[in-house]
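Asks: Sharing a structure below in structure tokens format, with a few things to ask.
There are 2 protein chains.
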Amino acid sequence: MSTTTREWHLAARPHGEPTPEDFRLVEVPVPEPGEGQVVVRMVAMSVDPYMRGRMRSGPSYAPPWEVGAVMSGGAVGRVVASRAPDLPEGTLVLTDAAWREIAVLDAGAVRRLPSPTDVPPSWFLGVLGMPGLTAYAGLFRVAAFTPGDDVLVSGAAGAVGSLAGQFARLRGAGSVVGSAGSPEKVAWLTGELGFTTAFDYHSGVAEGVAAAAPDGVDVFFDNVGGAHLEAAIGALRVHGRAALCGSISGYNAVEPPPGPRNMSLMVGKRLTLRGFLVGDHTDLRAEFTDTVSGWLRSGDLVVRETEYQGIENAVPAFLDLMRGVNTGKMVVRLTSDPD
Amino acid sequence: MSTTTREWHLAARPHGEPTPEDFRLVEVPVPEPGEGQVVVRMVAMSVDPYMRGRMRSGPSYAPPWEVGAVMSGGAVGRVVASRAPDLPEGTLVLTDAAWREIAVLDAGAVRRLPSPTDVPPSWFLGVLGMPGLTAYAGLFRVAAFTPGDDVLVSGAAGAVGSLAGQFARLRGAGSVVGSAGSPEKVAWLTGELGFTTAFDYHSGVAEGVAAAAPDGVDVFFDNVGGAHLEAAIGALRVHGRAALCGSISGYNAVEPPPGPRNMSLMVGKRLTLRGFLVGDHTDLRAEFTDTVSGWLRSGDLVVRETEYQGIENAVPAFLDLMRGVNTGKMVVRLTSDPD
Chain B
971 MSTTTREWHL AARPHGEPTP EDFRLVEVPV PEPGEGQVVV RMVAMSVDPY MRGRMRSGPS
1031 YAPPWEVGAV MSGGAVGRVV ASRAPDLPEG TLVLTDAAWR EIAVLDAGAV RRLPSPTDVP
1091 PSWFLGVLGM PGLTAYAGLF RVAAFTPGDD VLVSGAAGAV GSLAGQFARL RGAGSVVGSA
1151 GSPEKVAWLT GELGFTTAFD YHSGVAEGVA AAAPDGVDVF FDNVGGAHLE AAIGALRVHG
1211 RAALCGSISG YNAVEPPPGP RNMSLMVGKR LTLRGFLVGD HTDLRAEFTD TVSGWLRSGD
1271 LVVRETEYQG IENAVPAFLD LMRGVNTGKM VVRLTSDPD
Chain D
971 MSTTTREWHL AARPHGEPTP EDFRLVEVPV PEPGEGQVVV RMVAMSVDPY MRGRMRSGPS
1031 YAPPWEVGAV MSGGAVGRVV ASRAPDLPEG TLVLTDAAWR EIAVLDAGAV RRLPSPTDVP
1091 PSWFLGVLGM PGLTAYAGLF RVAAFTPGDD VLVSGAAGAV GSLAGQFARL RGAGSVVGSA
1151 GSPEKVAWLT GELGFTTAFD YHSGVAEGVA AAAPDGVDVF FDNVGGAHLE AAIGALRVHG
1211 RAALCGSISG YNAVEPPPGP RNMSLMVGKR LTLRGFLVGD HTDLRAEFTD TVSGWLRSGD
1271 LVVRETEYQG IENAVPAFLD LMRGVNTGKM VVRLTSDPD
């Protein structure tokens, strides 16, 4: 076993778009595990848009990363040494301890995953993990989707959006419209993923929505905010509902971004806009896991990852995620794993 | 009986703030009632902010008034001649046929009111009518108020706002904060109406909210929109809810008004913003009438009207309403009535 590991520290709080200089890769010794602890070698770690918020100081729903300290985030890892009887060597676990290759963790800080899994371990960071439950809870509970609804998804080629759109299709949406950031993503949405139609928002968000959904939509699943939210408020029909999952368009903003100028439409159309966090909806996890596992087994649900290799590429992966380089879930592979 | 009546016609669609020149008072003959019709002499008519929308062409939730034709709106009137057996002379009725002194109406176009009433007939245009049900449905259903909630009301000295705030108090709000447009209104809210605190928004909306509710609120009842909505999104706590009833600050806008710049807060705070129209909630009418009648009988609920006199003052009343001159419900008294 290595006696050192590499880990990413936050070097500075960015003003605007983060840069590589805001992070520092540090080599540190791996301590000996104490009683009740395990040594976990990370197989894959997650980079997610919400992490941009953790780079800020001040109160937020996830605690801020501290400058000069290791960052944290979701990862799947393998127990390589154990002083916890319930977590023998070889156990596959989910942790929030990544941005490092090896971590020594209390048994209570990890969640045991099925092993051997019938899916790649990294899928517990995506379709079977937090992004999957986010899409599921947002669409079915927060937006109160019902079969026949016409659905608009922003950030539709991302980890959450690509699932939300497919979940809508699989549950009988009237139509599913996706907004994405490149012609290749648009082609993927309308091809392999089975979206009804899709558009590249670089050609205009309002124009894209108007062309793709000229008769409006019933549900909006928003990962982007800003102009997408304004266009969606315009497109939502009477009694339309929006689940507000994120607003990546504004995460690097230095000044408050303009708000939707058409909020007054909410009264006449009796619209509901509802922000949500997946952490409020963990009671859906069993139902979600059953349902999505079934769709995976039947082949109805398409999963794609954009995978970067090696801890040294975790920050490039995060920076590229914030620029929309990924298609599907962005993950960083840290070690090969026999599963 | 008069053989002529006066009625207001829409003369032009305003651009921006309506002016007296957009309306015309016309004297017309009163036709003879046909079989199944009644002649109704209006006792009091309503002017309401939503009517600004009816001055526009194009689709909206209430049909637009036509240029050159009589306008319509809520009124309480007395049957003065009848060819409808169920509506004998003397019956007090609610109609949508005002902006006129006398109307000949099909029996199906009026709703019978209790007569003699134990409340002034004009209250069926306010506390016991559409504005009352709006406040009731908005607070208790749309915003899902629960006892203990801290509540913020914009337009709190208006017909709907003054009721929404009192309903919250009567159902056990933790605190009720009101925003209004003059020191006199503020004094009325914190005095007779029992609001916990209130502020004059002319001194700054964001500042007023921050000073009046430094620890935030759980529910926002919005009649104003614009800066009030932005400030409320900032002030709402985790799982906060807003009932969007109207946005009078933008009704005369020629250009789209700026939207709230802090929509991204909706995710982390899991806020719900919900627009509504009273017409979707008429199933609450019996419960509403029972509850509010009880509060009126016990003297717990304070009702104030701003009353203008005579059909010739209906347009001045409407224009003053749009400028916030009224305290409580704005009504136009058209005839004295023995009740």
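Chains B and D, in that order, are what the protein sequence lines are. Taking our numbering, the leading residue of the first sequence gets 971, the next gets one more, and so forth. Taking our numbering, the leading residue of the second sequence gets 971, the next gets one more, and so forth. Backbone N, C-alpha and C fix where the C-beta goes; we use that ideal spot for every residue, glycine too.
Should B:E1071 go down as buried or exposed, given a rule of 16 or more other Cβ atoms within 10 Å for buried?
Replies: buried
Asks: With a floor of 4 residues, list each alpha helix (DSSP H) that falls wholly inside the region 1098 to 1174 of chain B, ordered by position along the chain.
Replies: 1100 to 1106, 1129 to 1140, 1153 to 1160
Asks: Have a look at the DSSP bridge pairing and note the partners of D:Y1278.
Replies: D:V1302
Asks: Under 7 Å Cβ-Cβ, which residues of chain D neighbour B:R1244?
Replies: T1242
Asks: Take B:T1166 and list the residues in its own chain whose beta-carbon comes closer than 7 Å to its own, dropping the five residues that flank it on each side.
Replies: S1145, V1146, V1147
Asks: With DSSP as the reference, label B:R1293 as helix, strand or coil.
Replies: coil
Asks: With a cut-off of 8 Å, do at least 3 Cβ pairs link the region 1154 to 1166 of chain B to the region 982 to 998 of chain D?
Replies: no
Asks: In the DSSP assignment, what residue or residues form a beta bridge with B:S1016?
Replies: B:S1016 pairs with B:V1301.
Asks: Give me the subset of the region 1087 to 1121 of chain D whose CB atoms are less than 8 Å from a CB atom of chain B, sorted by chain position.
Replies: none
Asks: What runs of the beta strand (DSSP E), each 3 residues or longer, lie entirely inside the region 1004 to 1076 of chain B?
Replies: 1007 to 1016, 1045 to 1052, 1062 to 1065, 1072 to 1076
Asks: From the DSSP output, in three-state form, read off B:V1189 for me.
Replies: strand
Asks: On the three-state DSSP scale, how would you describe D:A1201?
Replies: helix
Asks: Between the beta-carbon of D:L1254 and the beta-carbon of D:Y1031, is there less than 8 Å?
Replies: no
Asks: Between B:L1133, B:P1153, B:F993, B:G1178, which lies nearest to B:C1215 when the distance is taken from Cα to Cα?
Replies: Restricting attention to B:L1133, B:P1153, B:F993, B:G1178, the CA atom closest to the CA of B:C1215 is found in B:L1133.
Asks: Just to check my reading of the structure: D:G1178 and D:G1196 have Cβ atoms closer than 8 Å, yes? What is that Cβ distance to the nearest angstrom?
Replies: Between D:G1196 and D:G1178 the Cβ distance is about 14 Å, and since that is not below 8 Å, they are no contact.
Asks: Determine the contact status of B:V1008 and B:L1075, defining contact as a CB-CB distance below 8 Å.
Replies: Against a cut-off of 8 Å, the Cβ pair of B:L1075 and B:V1008 comes out as a contact.
Asks: Let's test the definition: count the other Cβ atoms within 10 Å of the Cβ of B:G1104 and tell me whether it reaches 16, buried, or not, exposed.
Replies: Note on identity: in this sequence residue 1104 of chain B is Thr, with Gly being the wrong assignment. Per the 10 Å Cβ criterion, buried.
Asks: List the residues of chain D whose Cβ lies closer than 7 Å to the Cβ of B:K1299, in chain order.
Replies: None at all; the shortest Cβ gap to chain D is about 19 Å.
Asks: Residues in the same chain with beta-carbon distance under 6 Å from B:L1291, minus the five sequence neighbours each way, listed in chain order, please.
Replies: V1017, M1300
Asks: To the nearest angstrom, report how far apart D:A1068 and B:R1231 are at their CA atoms.
Replies: 33 Å
Asks: Look up D:E1257 in the DSSP assignment and say whether it is helix, strand or coil.
Replies: helix
Asks: Can you tell me where the beta strand (DSSP E) holding D:G1238 begins and where it ends?
Replies: From DSSP, D:G1238 is part of no beta strand (DSSP E) but of the alpha helix (DSSP H) over 1235 to 1238.
Asks: Starting from D:G1195 and walking both ways along the beta strand (DSSP E), at which residues does that stretch end?
Replies: Here D:G1195 belongs to no beta strand (DSSP E), and DSSP marks it neither H nor E.
Asks: Beta carbons nearer than 8 Å to chain D: which residues of the region 1272 to 1293 of chain B have them?
Replies: none
Asks: Which first and last residues belong to the beta strand (DSSP E) in which B:P1184 is found?
Replies: No beta strand (DSSP E) contains B:P1184, which DSSP labels as neither H nor E.
Asks: For my contact list, D:G1073 and D:V1302 are in at a C-beta cut-off of 8 Å; report their separation, rounded to the angstrom.
Replies: Residue identity differs from the one stated: residue 1073 of chain D is Ala in this sequence, not Gly. About 15 Å; that fails the 8 Å criterion.
Asks: Hey, how far is the Cα of D:E1059 from the Cα of D:V1080?
Replies: 14 Å
Asks: Using a Cβ-Cβ cut-off of 6 Å (strictly less than) and excluding sequence neighbours within five positions of B:H1172, which residues of its own chain qualify?
Replies: none
Asks: Distance cutoff 8 Å, beta carbons only. Does D:R1231 sit that close to anything in chain B?
Replies: yes
Asks: Where does D:D1188 land, buried or exposed, given buried means 16+ other C-beta within 10 angstroms?
Replies: The residue in question, D:D1188, is buried, as its Cβ has 16 or more Cβ neighbours within 10 Å.
Asks: Determine the chain D residues that contact B:M1025 at a beta-carbon separation under 7 Å, and present them in chain order.
Replies: Correct list: empty, because the minimum Cβ distance to chain D is about 15 Å.
Asks: So, under 8 Å CB-CB, D:G1102 and D:G1108 are touching, yes? Tell me the CB distance rounded to an integer number of Å.
Replies: Beta-carbon to beta-carbon, D:G1102 and D:G1108 are separated by about 11 Å, too far to satisfy the 8 Å threshold.
Asks: Since I believe D:G1118 is in contact with D:G1142 (beta carbons under 8 Å), could you give me their beta-carbon distance rounded to a whole number of angstroms?
Replies: About 7 Å; that satisfies the 8 Å criterion.
Asks: Would you tell me roughly how many angstroms separate the C-alpha atoms of B:F1137 and D:R1244, rounded to the nearest one?
Replies: 25 Å
Asks: Step through the CB atoms of chain B and report whether any lies within less than 8 Å of the CB of D:D1309.
Replies: Only weak support is given to the placement of D:D1309: the predicted model assigns it a pLDDT of 49, under 50, and the question is left unresolved by the model.
Asks: Out of curiosity, what's the CA-to-CA distance linking B:A1077 and B:A1054?
Replies: For B:A1077 and B:A1054, the distance between alpha carbons rounds to 6 Å.
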